[in-house]
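Asker: In our numbering, the protein residues as written are 915 to 1160. From the three backbone atoms N, C-alpha and C, an ideal C-beta is built for every residue, glycine too. Here it is: the structure, laid out below.
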Ligand SMILES: C/C=C/C(=O)SCCNC(=O)CCNC(=O)[C@H](O)C(C)(C)COP(=O)(O)OP(=O)(O)OC[C@H]1O[C@@H](n2cnc3c(N)ncnc32)[C@H](O)[C@@H]1OP(=O)(O)O
């Protein structure tokens, strides 16, 4: 079974992260598949919106921590960062359905989504500093803009888990949807987007992102810092501690 599954339905490309034995941790190959499915969908005239999801018990536990240890050389060609830059350049709208853990990139990805739905099982976390890393996906710019500087500092410096209601109050998610209904609900919203006049939809989406160049610049700065931190002993010790369940 593929670790990234794709299904096109009613004008929506549904992308499902599917690596349940590792809590949907994202490996290099998985990022590459995610990027390819987005790029293909962008050029497919039958696709008008994307929906990203995991399974009922997990969205994603974020980057595969074992990969961080194995591949500590990082630049803009790294599959995770290629994926993040492809999100920044997306023209068609992206909807997320969050269930269970959404850790690290699992939360920062949401800052690039147009509509985000979560169910009560969703648990968000930005444990970059906890792992001796720095944020990515432009979160160091987008999060303070969204939730305010103090709250962003709390979420990024302490790296504690927060629940769906908190994410809703902070405007990280649009709505908390009952368990068992979230995937149908999020798909119905994505189909609704897919049925909007596509050129007006994409033009409006572009207008809603007036600081895209600034976000790109910040993502490049984050990438530089991330590359340095990833090689540090303090980060390697944190990765080993997680993998050894210390
Ligand atoms: C550029 C992007 C950067 C980032 O995304 S940084 C963030 C990186 N992610 C993390 O630090 C999260 C690590 N994972 C966790 O904290 C926990 O997991 C969860 C809270 C997500 C879930 O906890 P629970 O339900 O108790 O599951 P479990 O027993 O910890 O995990 C089951 C199996 O999955 C593996 N696993 C979980 N997350 C990851 C991961 N992110 N990278 C690699 N493996 C992971 C474990 O090791 C274990 O494996 P085994 O059954 O073989 O012992």
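If I measure Cβ to Cβ from residue 977 and keep anything under 8 Å in the same chain, skipping five residues before and after, which residues do I get?
Answerer: Numbered from its first residue, the chain shown carries residue 977 at position 63. Taken in chain order, the residues that qualify are 939, 940, 994, 1018 and 1019.
Asker: When burial is assigned at 16 or more other CB atoms within 10 Å of the CB, is residue 1129 buried or exposed?
Answerer: Position 215 of the chain shown, counted from the start, is the residue given in the question as residue 1129. Result: buried.
Asker: Look at residue 1009 and residue 1028 and say whether their C-beta atoms are less than 9 Å apart.
Answerer: As a position in the chain shown, residue 1009 is number 95, starting the count at 1. As a position in the chain shown, residue 1028 is number 114, starting the count at 1. Their beta carbons are under 9 Å apart, which means residue 1009 touches residue 1028 by this criterion.
Asker: Sorted by chain position, which residues of the same chain lie with C-beta nearer than 8 Å to residue 1153's C-beta, five sequence neighbours on each side aside?
Answerer: As a working mapping, residue 1153 is identified with position 239 in the chain shown. Taking C-beta separations shorter than 8 Å and ignoring five residues to either side along the sequence, the partners of residue 1153 in its chain run 979, 980, 982, 983 and 1045, following chain order.
Asker: Are the beta-carbon atoms of residue 1036 and residue 973 separated by less than 9 Å?
Answerer: Translated into the one-based positions of the chain shown, residue 1036 becomes position 122. Translated into the one-based positions of the chain shown, residue 973 becomes position 59. Result yes, Cβ atoms of residue 1036 and residue 973 sit closer than 9 Å.
Asker: Going by C-alpha distance, which of 944, 1048, 1016 and 957 is nearest residue 856?
Answerer: For the chain, the structure presents residues 915 to 1160; residue 856 sits outside this window and is missing.
Asker: Report buried or exposed for residue 1103, applying the criterion of at least 16 other Cβ atoms within 10 angstroms of its Cβ.
Answerer: For the purposes of this step, residue 1103 is identified with residue 189 of the chain shown, where counting begins at 1. With 16 or more neighbouring CB atoms inside 10 Å of its own CB, residue 1103 falls in the buried class.
Asker: So is the beta-carbon of residue 1006 under 8 Å away from any non-hydrogen atom of ligand 1?
Answerer: For the purposes of this step, residue 1006 is taken as residue 92 along the chain shown, with counting starting at 1. No, Cβ of residue 1006 sits at least 8 Å from all heavy atoms of ligand 1.
Asker: What whole-angstrom Cβ distance do residue 1133 and residue 1002 have, given they're in contact under 8 Å?
Answerer: Counting from one through the chain shown, the residue named residue 1133 turns up at place 219. Counting from one through the chain shown, the residue named residue 1002 turns up at place 88. Yes, residue 1133 and residue 1002 are in contact; Cβ-Cβ is about 7 Å, under 8 Å.
Asker: Going residue by residue through the segment 922-964, where are the continuous beta strand (DSSP E) segments of at least 3 residues, counting only ones entirely within it?
Answerer: 926-931
Asker: Please report the straight-line C-alpha distance between residue 1063 and residue 1041, rounded to a whole angstrom.
Answerer: Position 149 of the chain shown, counting from 1, holds the residue named residue 1063. Position 127 of the chain shown, counting from 1, holds the residue named residue 1041. Spanning the two alpha carbons is a distance of roughly 17 Å.
Asker: Count the other CB atoms, across all protein chains shown, that sit within 10 Å of the CB of residue 1123; report buried if there are 16 or more and exposed otherwise.
Answerer: In the chain shown, the residue the question calls residue 1123 occupies position 209. Residue 1123 comes out exposed.
Asker: Are residue 937 and residue 1007 close, meaning C-beta to C-beta below 9 Å?
Answerer: Stepping through the chain shown from its first residue, residue 937 is reached at position 23. Stepping through the chain shown from its first residue, residue 1007 is reached at position 93. Not closer than 9 Å, so no.
Asker: Please report the straight-line C-alpha distance between residue 1101 and residue 1126, rounded to a whole angstrom.
Answerer: To locate residue 1101, count along the chain shown from 1; it is residue 187. To locate residue 1126, count along the chain shown from 1; it is residue 212. Cα-Cα distance, rounded: 27 Å.
Asker: Assess contact between the segment 1088-1097 and the segment 1106-1114, defined as three or more Cβ pairs (one per stretch) separated by less than 8 Å. Is contact present?
Answerer: no
Asker: Can you find a heavy atom of ligand 1 that lies under 8 Å from the Cβ of residue 1047?
Answerer: Residue numbering aside, residue 1047 sits at position 133 when the chain shown is read from its first letter. Yes, since a heavy atom of ligand 1 falls inside the 8 Å radius drawn around the Cβ of residue 1047.
Asker: In the structure shown, what three-state DSSP assignment does residue 1013 receive?
Answerer: Sequence index remark: in the chain shown, residue 1013 carries index 99 (1-based). It is coil, neither helix nor strand.
Asker: Is the beta carbon of residue 940 within less than 8 Å of some heavy atom of ligand 1?
Answerer: Residue mapping note: residue 940 aligns to position 26 of the chain shown, counting from 1. Result yes, Cβ under 8 Å from ligand 1.
Asker: From 916, 1013, 1116 and 1121, pick the residue whose C-alpha is nearest to that of residue 966; which is it?
Answerer: Stepping through the chain shown from its first residue, residue 966 is reached at position 52. Cα-wise, what sits closest to residue 966 is 1013.
Asker: Cutting at 8 Å between CB atoms, please list the residues of its own chain near residue 1077, excluding the five before and the five after it.
Answerer: Position 163 of the chain shown, counting from 1, holds the residue named residue 1077. 1034, 1036, 1037 and 1038, listed in sequence order.
Asker: Cβ atoms of residue 1022 and residue 1058: under 9 Å apart, would you say?
Answerer: Numbered from 1 along the chain shown, position 144 holds the residue referred to as residue 1058. Numbered from 1 along the chain shown, position 108 holds the residue referred to as residue 1022. Not in contact: residue 1058 and residue 1022 (Cβ atoms no closer than 9 Å).
Asker: Give me the residue from 960, 946 and 945 with the minimum Cα distance to residue 927.
Answerer: Position 13 of the chain shown, counting from 1, holds the residue named residue 927. Of 960, 946 and 945, the smallest CA-CA separation from residue 927 is found for 960.
Asker: Anyone know if the C-beta pair for residue 949 and residue 916 falls short of 9 Å?
Answerer: Here residue 949 corresponds to residue number 35 of the chain shown, with the count starting at 1. Here residue 916 corresponds to residue number 2 of the chain shown, with the count starting at 1. Not a contact, by the Cβ cut-off of 9 Å.
Asker: Where does residue 1074 sit, in a helix, a strand or coil, going by DSSP?
Answerer: The count along the chain shown starts at 1 and reaches residue 1074 at position 160. Coil.
Asker: Going straight from the alpha carbon of residue 1160 to that of residue 1149, what length do you get?
Answerer: The residue given as residue 1160 occupies position 246 in the chain shown. The residue given as residue 1149 occupies position 235 in the chain shown. Cα-Cα distance, rounded: 14 Å.
Asker: Taking C-alpha atoms, which residue in 1136, 932, 970 and 975 lies nearest to residue 1156?
Answerer: Looking up residue 1156 in the chain shown gives position 242. Out of 1136, 932, 970 and 975, 975 has the C-alpha closest to the C-alpha of residue 1156.
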